[in-house]
Amino acid sequence: MPFPSHRPRRLRSSPAMRRLVAQTTLAPRQLVLPMFVADGIDEPRPIASMPGVVQHTRESLRRAAAEAVEAGVGGLMLFGVPRDEDKDARGSAGTDHDGVLNVALRDLAGDLGDATVLMADTCLDEFTDHGHCGIVDRAGRVDNDETNRRYVELAVAQADSGAHMVGPSGMMDGQVAAIRAGLDAAGHIDTAILAYAAKFASGFYGPFREAVSSSLQGDRRTYQQEPGNAREALHEVDLDIDEGADIIMVKPAMAYLDIVRAAADRSPVPVAAYQVSGEYSMISAAAEHGWIDLDTVVLETLTGIVRAGADIVLTYWAVDVARRLA
Ligand code: PBG
Numbered sequence: 019m020p021f022p023s024h025r026p027r028r029l030r031s032s033p034a035m036r037r038l039v040a041q042t043t044l045a046p047r048q049l050v051l052p053m054f055v056a057d058g059i060d061e062p063r064p065i066a067s068m069p070g071v072v073q074h075t076r077e078s079l080r081r082a083a084a085e086a087v088e089a090g091v092g093g094l095m096l097f098g099v100p101r102d103e104d105k106d107a108r109g110s111a112g113t114d115h116d117g118v119l120n121v122a123l124r125d126l127a128g129d130l131g132d133a134t135v136l137m138a139d140t141c142l143d144e145f146t147d148h149g150h151c152g153i154v155d156r157a158g159r160v161d162n163d164e165t166n167r168r169y170v171e172l173a174v175a176q177a178d179s180g181a182h183m184v185g186p187s188g189m190m191d192g193q194v195a196a197i198r199a200g201l202d203a204a205g206h207i208d209t210a211i212l213a214y215a216a217k218f219a220s221g222f223y224g225p226f227r228e229a230v231s232s233s234l235q236g237d238r239r240t241y242q243q244e245p246g247n248a249r250e251a252l253h254e255v256d257l258d259i260d261e262g263a264d265i266i267m268v269k270p271a272m273a274y275l276d277i278v279r280a281a282a283d284r285s286p287v288p289v290a291a292y293q294v295s296g297e298y299s300m301i302s303a304a305a306e307h308g309w310i311d312l313d314t315v316v317l318e319t320l321t322g323i324v325r326a327g328a329d330i331v332l333t334y335w336a337v338d339v340a341r342r343l344a
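Just so you know, we're using my numbering here: the sequence shown kicks off at 19 and counts up by one.
Okay, structure coming up:
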């Protein structure tokens with residue numbers, strides 16, 4: 019047997035050689051940090067199932083947001099956690115200009131101006147007493163069109179409060195078109211829409227339910243997608259692009275990298291992927307046991323998500339990774 023003519027190992031022979039030929043690299047500006055802000059707490063409250071992640075107070079959110087921007091992350095995605103007594107069937111605390119999320123948006127818009135991209139979760143589940151992402155009708159079903167009317171009000175309240183980008187995550191049909199029309203009519207023509215286009219009914223959202231103190235009983239299978247349906251996911255992507263989405267997102271990330279790839283291959287707009295709470299918790303827990311090395315695995319997962327075609331990744335590790343990449 020002669021010596022092999024192709025020797026790929028040549029290009030792995032030194033750090034400088036590996037750096038030269040690196041095909042996929044991460045940059046801090048691609049990473050978006052999801053953050054939780056809670057009403058009625060005096061101290062940041064740790065989220066037990068997400069070690070290192072907290073529900074922020076108004077003040078601690080301002081500090082953490084400034085640090086994240088300083089670290090170079092591309093944007094911040096805010097979730098509001100109202101007091102239990104402020105939850106109702108219509109999610110009124112979400113559209114109330116003095117509601118926790120809108121107040122926090124005003125704080126951060128004032129502190130940070132255009133130094134970052136301020137995003138808000140445009141969904142009702144954090145604010146409803148039943149925990150669903152929409153308005154529940156008499157038969158107990160989530161009413162699509164009535165919910166879209168509330169999403170428009172939510173999006174306009176968030177844009178009024180300083181959000182540069184709204185993130186409809188409730189998977190109602192036509193939500194992007196409704197929100198685009200509503201924002202335009204309110205004069206918010208420059209407020210962008212990050213559409214959760216392909217969002218699956220996933221067990222990986224488990225820790226998030228603790229993070230937002232969710233009231234949900236049951237599941238979201240009448241509006242979120244079945245994990246096995248790839249064709250349907252791409253239909254959702256196409257619809258959201260037609261309806262005017264500025265960025266489309268696939269969620270969760272790691273178990274859906276084929277969808278990220280397929281979406282990236284057809285999308286004329288940027289593609290985001292959300293490394294969700296359960297992905298964070300799973301890796302954190304294994305690392306805490308000493309079973310895997312946290313830094314190695316975090317970078318590997320994010321590199322994999324970007325290699326699959328994501329231009330932007332939402333991750334609870336955004337700040338840590340941005341600092342390491344600096
Ligand atoms: C809905 C929403 C959820 C997440 C982001 N937006 C929860 C759900 O759909 O059940 C999950 C994020 C995560 O798990 O990190 N407002």
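Even for Gly, the Cβ is constructed at its ideal location relative to N, Cα and C. All of these numbers come straight from a predicted model, not from anything done at the bench.
Inset, instruction - May I have the straight-line CA-CA distance separating proline 46 from alanine 157, to the nearest angstrom? - result: Roughly 47 Å between the two C-alpha positions.
Could you please give me the residues that DSSP links to leucine 123 through a beta bridge? By DSSP's assignment, leucine 123 forms no beta bridge with any residue.
task: Pull up the distance between the alpha-carbon of methionine 53 and that of proline 186, whole angstroms please.
output: Their Cα atoms are separated by approximately 16 Å.
### Message
Please classify serine 31 as buried or exposed, where buried requires at least 16 other C-beta atoms within 10 Å of its C-beta.
### Response
Burial call: exposed.
Decide if the stretch 80-93 is in contact with the stretch 129-140; the criterion is three or more beta carbon pairs, one per stretch, under 8 Å apart. Between the stretch 80-93 and the stretch 129-140 there are three or more inter-stretch CB-CB distances shorter than 8 Å, so the stretches are counted as touching.
Check your understanding: Cβ atoms of valine 194 and histidine 263: under 7 Å apart, would you say?
Key -> The sequence shown places alanine at residue 263, not histidine. Yes, they are a contact pair.
*asked:* Residues in the same chain with beta-carbon distance under 6 Å from isoleucine 65, minus the five sequence neighbours each way, listed in chain order, please.
replied: Excluding residues within five positions, the ones whose Cβ falls inside 6 Å are Val71, Glu228, Ala229.
Quiz prompt | With 16 other Cβ atoms within 10 Å as the buried cut-off, status of aspartate 283 | solution = The residue is exposed, with fewer than 16 neighbouring Cβ atoms inside 10 Å.
**Item:** Rounded straight-line distance, which links the Cα of valine 289 to that of leucine 343
**Value:** One Cα belongs to leucine 343, the other to valine 289, and the distance between them is close to 21 Å.
inquiry  = Spatial neighbours of glycine 109 within its chain, please: C-beta separation below 6 Å, excluding the five flanking residues on both sides.
reply    = The beta carbon of glycine 109 sits closer than 6 Å to the beta carbons of Leu142, Phe145, Thr146 from its chain, once the five residues preceding and following it are set aside; these are given in chain order.
**Item:** Closest by C-alpha distance to leucine 130, when choosing among Gly180, His148, Asp311
**Value:** Selected option, being the one with the closest Cα: Gly180.
request  = Out of Met189, Ile211, Ala219, Asp178, state which residue places its alpha-carbon closest to the alpha-carbon of alanine 204.
outcome  = Relative to alanine 204, the option among Met189, Ile211, Ala219, Asp178 whose CA is nearest is Asp178.
Query raised in the report: Opposite valine 55 in the DSSP bridges: which residues?
Result: Residue pairing of valine 55 in beta bridges, as defined by DSSP: His74, Gly98.
How big is the Cα-Cα spacing for serine 285 and phenylalanine 21?
So the alpha carbons of these two residues sit roughly 44 Å apart.
Option nearest glycine 192 by Cα separation, candidates Ser299, Asp256, Gly246: Glycine 192 has its Cα closest to that of Asp256, out of Ser299, Asp256, Gly246.
request  = Please determine, among Ser67, Met68, His74, the residue with the shortest C-alpha to C-alpha distance to isoleucine 59.
outcome  = The residue among Ser67, Met68, His74 with its C-alpha nearest the C-alpha of isoleucine 59 is His74.
Legend entry - Whole-angstrom distance between valine 339 and valine 50, CA atom to CA atom: The alpha-carbon atoms of valine 50 and valine 339 are separated by roughly 11 Å.
Task: Cβ neighbours of serine 299 in the same chain (closer than 7 Å, five flanking residues each side left out) - done: In its chain, beyond the 5 residues on either side, Ser67, Met68, Pro225 have a beta carbon closer than 7 Å to the beta carbon of serine 299.
- Same chain, Cβ closer than 8 Å to glycine 322, five either side skipped, listed in chain order: Counting only residues of its own chain and dropping the five nearest sequence neighbours on each side, glycine 322 has a CB closer than 8 Å to the CB of Met272, Leu275.
> If we count the other Cβ atoms within 10 Å of its Cβ and call it buried at 16 or more, is glutamate 261 buried or exposed?
Replying inline: By the neighbour-count rule (16 or more Cβ atoms within 10 Å), glutamate 261 is buried.
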